[in-house]
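Peer 1: Going down the list, the sequences are from chains Z and Y. Residue numbers for the first sequence follow our numbering, beginning at 56 and rising by one. Residue numbers for the second sequence follow our numbering, beginning at 301 and rising by one.
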Amino acid sequence: DTAVSQTPKYLVTQMGNDKSIKCEQNLGHDTMYWYKQDSKKFLKIMFSYNNKELIINETVPNRFSPKSPDKAHLNLHINSLELGDSAVYFCASSQYVTGPGYGYTFGSGTRLTVV
Amino acid sequence: AQTVTQSQPEMSVQEAETVTLSCTYDTSESDYYLFWYKQPPSRQMILVIRQEAYKQQNATENRFSVNFQKAAKSFSLKISDSQLGDAAMYFCAYRSARDTGNQFYFGTGTSLTVIP
Numbered sequence: 056d057t058a059v060s061q062t063p064k065y066l067v068t069q070m071g072n073d074k075s076i077k078c079e080q081n082l083g084h085d086t087m088y089w090y091k092q093d094s095k096k097f098l099k100i101m102f103s104y105n106n107k108e109l110i111i112n113e114t115v116p117n118r119f120s121p122k123s124p125d126k127a128h129l130n131l132h133i134n135s136l137e138l139g140d141s142a143v144y145f146c147a148s149s150q151y152v153t154g155p156g157y158g159y160t161f162g163s164g165t166r167l168t169v170v
Numbered sequence: 301a302q303t304v305t306q307s308q309p310e311m312s313v314q315e316a317e318t319v320t321l322s323c324t325y326d327t328s329e330s331d332y333y334l335f336w337y338k339q340p341p342s343r344q345m346i347l348v349i350r351q352e353a354y355k356q357q358n359a360t361e362n363r364f365s366v367n368f369q370k371a372a373k374s375f376s377l378k379i380s381d382s383q384l385g386d387a388a389m390y391f392c393a394y395r396s397a398r399d400t401g402n403q404f405y406f407g408t409g410t411s412l413t414v415i416p
């Protein structure tokens, strides 16, 4: 009964490969996010979707493409992986419309290592 | 973009003692929300406490309380009766009440060690 689940938890891959990280939430939230946590633990937003519509698209390489098939899922696809993409990627969700002051519910993160 | 500053990269506290983690933020807005998140070694981000800027009363959740100073743009977290399980990275976060994207701005974190 995990609220926000990400898979996989760990991902080790070679440079140049394409990989995807999946995220699903069963909270009924209408907004989902991808955040990147770098090696210094800094968290920065990458994308935000509200009811399957892209709301925030920060300056990230276009090798990163989010896909939201429905409001309970937000996947992250990364093409042509580079060493600098190594980080922990967090998915999160929130109920924007009725609860803008409430915090996110985070997934447990995916540690991506590019070798 | 808003800026959230945590000036203490590392802190330590004796078990059962009290520790305060500092956070300042920069904004021109009057309506916003502030949060403290905890990230233990398991990597899971856990919401500790939240504060609405329009409320003068400081939020409290069991052993966790905040000192919210709106004029000074300060939002410190006090942990009382520290326990070993409190050891974690703590992040302060800001969210505008008018941000259509519901974006959070995080500080750089404070690593808290609890000494037995």
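Glycine included, every Cβ here is placed at the ideal spot set by N, Cα and C. Since this is a predicted model, take the numbers as computed values, not measurements.
Under a CB-based cut-off of 9 Å, is G409 (chain Y) close to chain Z?
Peer 2: Here residue 409 (chain Y) corresponds to residue number 109 of the second sequence, with the count starting at 1. Cβ-Cβ to chain Z under 9 Å: yes for G409 (chain Y).
Peer 1: For S60 (chain Z), report the span of its beta strand (DSSP E) as first-last.
Peer 2: The residue labelled residue 60 (chain Z) in the question sits at position 5 within the first sequence. From DSSP, the beta strand (DSSP E) with S60 (chain Z) extends over 59-62.
Peer 1: Quick one: Cα of F97 (chain Z) to Cα of F161 (chain Z), how far?
Peer 2: Walking along the first sequence from the start, residue 97 (chain Z) turns up at place 42. Walking along the first sequence from the start, residue 161 (chain Z) turns up at place 106. Approximately 15 Å, taken between the alpha carbons.
Peer 1: Can you name the residues of chain Y whose CB is closer than 8 Å to the CB of S149 (chain Z)?
Peer 2: In the first sequence, counting from the first residue as 1, residue 149 (chain Z) sits at position 94. The answer, in chain order, is N402.
Peer 1: Identify every residue that forms a DSSP beta bridge with S123 (chain Z).
Peer 2: Looking up residue 123 (chain Z) in the first sequence gives position 68. BP columns for S123 (chain Z) are empty, so no partner.
Peer 1: Give the C-beta separation of D93 (chain Z) and A142 (chain Z) to the nearest angstrom, bearing in mind that I take them to be a contact with Cβ-Cβ under 8 Å.
Peer 2: Numbered from its first residue, the first sequence carries residue 93 (chain Z) at position 38. Numbered from its first residue, the first sequence carries residue 142 (chain Z) at position 87. Indeed they touch by this definition, with Cβ atoms about 5 Å apart.
Peer 1: Hey, quick one: how far does the beta strand (DSSP E) through N130 (chain Z) stretch, first residue to last?
Peer 2: Within the first sequence, numbered from 1, the residue matching residue 130 (chain Z) stands at position 75. Run containing N130 (chain Z): 128-133, per the beta strand (DSSP E) assignment.
Peer 1: For F391 (chain Y), which residues in chain Z fall below 9 Å Cβ to Cβ?
Peer 2: Counted from its first residue, the second sequence places residue 391 (chain Y) at position 91. Result: K96, L98.
Peer 1: From this set, Y:C392, Y:Y354, Y:N402, which residue's C-alpha is nearest L377 (chain Y)'s C-alpha?
Peer 2: The residue you call residue 377 (chain Y) lines up with position 77 of the second sequence. Selected option, being the one with the closest Cα: Y:C392.
Peer 1: Mind the definition here: the stretch 342-356 of chain Y touches the stretch 301-309 of chain Y only if three or more C-beta pairs lie below 8 Å; say whether that holds.
Peer 2: No, the stretch 342-356 of chain Y is not in contact with the stretch 301-309 of chain Y.
Peer 1: Report yes or no: is there a C-beta of chain Y within less than 9 Å of the C-beta of G83 (chain Z)?
Peer 2: Working through the first sequence from its first residue, we reach residue 83 (chain Z) at position 28. No, G83 (chain Z) lies away from the interface with chain Y (no Cβ there is under 9 Å from its Cβ).
Peer 1: Quick one: residues in its chain with C-beta nearer than 6 Å to the C-beta of Q314 (chain Y), no 5 flanking neighbours on either side, listed in chain order?
Peer 2: Mapped onto the second sequence, residue 314 (chain Y) falls at position 14. Excluding positions up to five away in sequence, the list reads I415.
Peer 1: In the stretch 60-90 of chain Z, which residue ranges form an unbroken alpha helix (DSSP H) of at least 4 residues, counting only runs that do not cross its ends?
Peer 2: Taking only runs of at least 4 residues, no alpha helix (DSSP H) segment lies wholly in the stretch 60-90 of chain Z.
Peer 1: Using the beta-carbon of each residue, which ones in chain Y are nearer than 7 Å to V143 (chain Z)?
Peer 2: As a first step, residue 143 (chain Z) must be located in the first sequence, where it is residue number 88. Those within 7 Å of V143 (chain Z) in chain Y are R343.
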